[in-house]
Amino acid sequence: MRESRKIIAAKFKEDGNLGETKICVRCKRMFTYLGYGHYYCPMCRKADEEDFLKVKNYIYDHGTAPALEVSENTGISLERINQYLREGRLEIPENSPIFIKCEMCRVDIRSGRLCPECASKLSHAMRIKMDFDDEQIGPVPKKLAGKMRFIRNEK
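26 is the number of the first residue of the sequence shown in our numbering; add one for each residue after it.
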């Protein structure tokens, strides 16, 4: 059986109903959660995909840009852009002076919720309870000492 079918089959309850009832994190309405993706009802999922596409297209067309600039030019709130960073759907460039923080140890990360070190400390049960997946592990930026480096020796 393919993996996707296993996931859906695992969501069938003993009474034959599919999924479980959840509350949409965006509009606070109840909906049937099928066990994949984030907790959005179908209407909010579509709106979220449209918002993300606006952000993605702006970054694609204009290159790297601060979140405030992206927000002002797309009409998408800073909170939503930060959410995309936390979900691992966007990533802060390596050379940025501003990063988001790991939720456990507060070290700088480029995307996600936790740094790789803290994520490795979580047990499987804790990951399920926190609704945590591998996309939410953010890479730690490389910090270079000094501001300028010489590439070649000059005499």
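Ideal Cβ positions, reconstructed from N, Cα and C, are used throughout, including at glycine.
Coarse secondary structure for residue i, derived from DSSP in three states
{"i": "Met129", "result": "coil"}
{"i": "Ile123", "result": "coil"}
{"i": "Val50", "result": "coil"}
{"i": "Glu116", "result": "coil"}
{"i": "Ile101", "result": "coil"}
{"i": "Lys79", "result": "helix"}
{"i": "Leu110", "result": "helix"}
{"i": "Tyr85", "result": "helix"}
Environment of residue i [buried if 16+ CB atoms lie within 10 Å]
{"i": "Gly100", "result": "exposed"}
{"i": "Tyr65", "result": "buried"}
{"i": "Asp86", "result": "exposed"}
{"i": "Ile48", "result": "exposed"}
{"i": "Ser121", "result": "exposed"}
{"i": "Gly60", "result": "exposed"}
{"i": "Asp15", "result": "The question about residue 15 has no answer here: the residues shown for the chain are numbered 26 through 180."}
{"i": "Ser96", "result": "buried"}
{"i": "Gly88", "result": "exposed"}
Alpha-carbon to alpha-carbon, residue j and residue i
{"i": "Val50", "j": "Leu103", "result": "17 angstroms"}
{"i": "Leu9", "j": "Met151", "result": "A query on residue 9 cannot be resolved here, the shown segment of the chain reaching from 26 to 180 and no further."}
{"i": "Cys143", "j": "Ile117", "result": "19 angstroms"}
{"i": "Met26", "j": "Lys53", "result": "With a pLDDT of only 45 at Met26, under 50, the local geometry of the prediction cannot be trusted, and the value read off the model is given with reservation. Rounded to the nearest angstrom, the two C-alpha atoms are 35 angstroms apart."}
{"i": "Thr57", "j": "Cys69", "result": "13 angstroms"}
{"i": "Ile123", "j": "Leu147", "result": "26 angstroms"}
{"i": "Arg105", "j": "Thr46", "result": "24 angstroms"}
{"i": "His63", "j": "Glu94", "result": "26 angstroms"}
{"i": "Asp76", "j": "Arg111", "result": "15 angstroms"}
{"i": "Asp73", "j": "Gly44", "result": "21 angstroms"}
{"i": "Ile125", "j": "Ser145", "result": "19 angstroms"}
{"i": "Pro141", "j": "Met129", "result": "11 angstroms"}
Residues that DSSP places opposite residue i in a beta bridge
{"i": "Tyr58", "result": "Glu45"}
{"i": "Leu139", "result": "Ile162"}
{"i": "Ile134", "result": "Ile125"}
Cβ-Cβ distance between residue i and residue j below 8 angstroms
{"i": "Asn98", "j": "Tyr83", "result": "yes"}
{"i": "Arg131", "j": "Gly163", "result": "no"}
{"i": "Pro91", "j": "Asp133", "result": "no"}
{"i": "Cys127", "j": "Leu115", "result": "no"}
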